[in-house]
Amino acid sequence: MTFSTSEDASGFRENYRERWTAWLTKLEIWDGSFNKIEKIAWIRATGVPISLWDWHVFNRIGERCGKIVIKSDVSTLDSDLLSGKLVIQVDSGEKICSEFSLSSGVSR
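Heads up, the sequence shown is in my numbering, so the first residue is 4 and it goes up one at a time.
In structure tokens, the structure reads:
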């Protein structure tokens, strides 16, 4: 959509919210720049110990890499316990390659 002024655009966004929210989850006024790069990516987490094999853990892994778009649904009942997948949004065009340690939080 194109508006003559930024005030017209703001007015549309505020006054017609009921109409555009039927189609969109967010409506932002473009500032004319293309600086922000966002991408959606499937990530696969491998090497997670069976004792930590839970969708909560996989979602926490995803949160360390970006914003969760589709949550993990892993379960110990899965036939493949080698890796779990989820979808994240990242604010960079860089390749996603992270490695970090997991802990159950229980002292021994």
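Ideal Cβ positions, reconstructed from N, Cα and C, are used throughout, including at glycine. Computed from a prediction, not measured in an experiment: that's the story for all the values here.
Check: Do Val-72 and Val-90 have their C-beta atoms closer together than 9 Å?
Finding: In this structure, the beta-carbon distance from Val-72 to Val-90 falls below 9 Å.
Notebook entry, point to check: Any idea if Phe-6 is buried or exposed, counting beta-carbon neighbours within 10 angstroms, 16 or more meaning buried?
Noted result: For Phe-6, the number of other beta carbons within 10 angstroms of its own is below 16, and it is reported as exposed.
Item checked: DSSP beta-bridge partners of Val-93 -> Note: Val-93 sits in a beta bridge opposite Lys-42.
Note to self: At the level of alpha carbons, what is the spacing between Ser-107 and Ala-48?
What the structure shows: Rounded to the nearest angstrom, the two C-alpha atoms are 16 Å apart.
Note to self: Give me the DSSP bridge partner(s) of Arg-47.
What the structure shows: Secondary-structure assignment with DSSP links Arg-47 through a beta bridge to Lys-88.
Item checked: Identity of the residue in Ser-86, Ile-43, Lys-42, Ile-40 nearest Val-60 by Cα -> Closest option to Val-60, Cα to Cα, is Ser-86.
Note to self: Cutting at 7 Å between CB atoms, please list the residues of its own chain near Trp-56, excluding the five before and the five after it.
What the structure shows: If we look at Trp-56 and ignore the five residues flanking it on each side, its Cβ neighbours are Val-77, Thr-79, Leu-84.
Margin query: To the nearest angstrom, how far is the alpha carbon of Ser-101 from that of Asp-81?
Written below: Rounded to whole angstroms, Ser-101 to Asp-81 spans 24 Å at the Cα level.
Note to self: Please state the DSSP three-state secondary structure of Ile-2.
What the structure shows: Because the chain spans 4 through 111 in this model, residue 2 falls outside it and cannot be assessed.
Check: In terms of residue numbering, what span does the alpha helix (DSSP H) encompassing Glu-10 cover?
Finding: Per DSSP, the continuous alpha helix (DSSP H) segment holding Glu-10 begins and ends at 9-18.
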